[in-house]
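Only one structure is covered here, and it is reproduced in the block below.
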Amino acid sequence: ELNSDNVNAALSAFERNVVSTGIVLQPSVMSEDGKTEDAALNRAIETAWWEWQNRCDVTGSYSFEDIQRMALRRRIIDGGLLVVKCFDKENGFRLQIREVDELDGAYSAAGGSVFGGVEVDRTGRIIRYHLSGYTYDSTYVTREDEELPASRVLYLRHRSRPCQVREITPLASAMSIIAHLNSYIEAITVKERMLAC
586 ELNSDNVNAA LSAFERNVVS TGIVLQPSVM SEDGKTEDAA LNRAIETAWW
636 EWQNRCDVTG SYSFEDIQRM ALRRRIIDGG LLVVKCFDKE NGFRLQIREV
686 DELDGAYSAA GGSVFGGVEV DRTGRIIRYH LSGYTYDSTY VTREDEELPA
736 SRVLYLRHRS RPCQVREITP LASAMSIIAH LNSYIEAITV KERMLAC
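So for the sequence shown, this note's numbering puts the first residue at 586; every next one is plus one.
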């Protein structure tokens, strides 16, 4: 991602074609008569949606469209992304974005039910996330403890096997080809510069 123009071009194409302008709410609440739409209520819902989606991130840095683009990019590059659901009286419902790299791979629990910072029960259902230096404190994830309940986290991940707990990047199988392609392009560029001299 950081060193390959080809990968960034592909990611930009994914963002343009998959996310485009993002998910947009189109309310269609019916009136009490059940025959027509309640235009005033639908407008109020749509106005509330646009206000929320422009400030839905806890940091105030990202819109909902930005989060969708980031989620798609991180799912392709890192294999996943953690979206923490947060709520407080002052700001209402917000989203906090966490990278999968923040999962504490060194954390272990009795019985071996933690895999790379993701704790599962006997059925394989995720029950907790253990983050390195972060925790859920009833409102936001802060740098105090290291545990998040699964009910507060959307774990957007790419898995290739049913028993797989952690994510894997879809680019894993293409990384060596991408490195060779970058080296080839660099060699051709150097060759052409030398010929021009």
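Just so it is clear, CB atoms sit at the ideal spot from N, CA and C, and this is done for glycine as well.
Item: R710 burial status per 10 Å Cβ neighbour count (16 or more: buried); Value: exposed
Item: For D590, the three-state DSSP class (helix, strand or coil); Value: helix
Item: D663 to S745 span [Cα, whole Å]; Value: 14 Å
Item: Neighbourhood of N767 by C-beta distance below 7 Å, restricted to the same chain and skipping five residues each side; Value: N588 and S589
Item: Which listed residue (V609, I608, G607 and L626) has its alpha carbon closest to that of S616; Value: L626
Item: Cβ pair E687, S736 closer than 8 Å; Value: no
Item: Helix, strand or coil at Y714 according to DSSP, with G and I counted as helix; Value: strand
Item: Cβ-based neighbour list, L657, same chain, cut-off 7 Å, excluding 5 preceding and 5 following; Value: F599, E600, V603 and V604
Item: Paired residues, beta bridge with F672 - DSSP; Value: F678
Item: Cut-off 7 Å between Cβ atoms - residues of its own chain near R654, not counting five sequence neighbours on either side; Value: E600 and V604
Item: Y647 - containing alpha helix (DSSP H), residue span; Value: That residue, Y647, is in no alpha helix (DSSP H); it is neither H nor E in DSSP.
Item: Inter-residue Cα distance where the pair is Y740 and V705; Value: 13 Å
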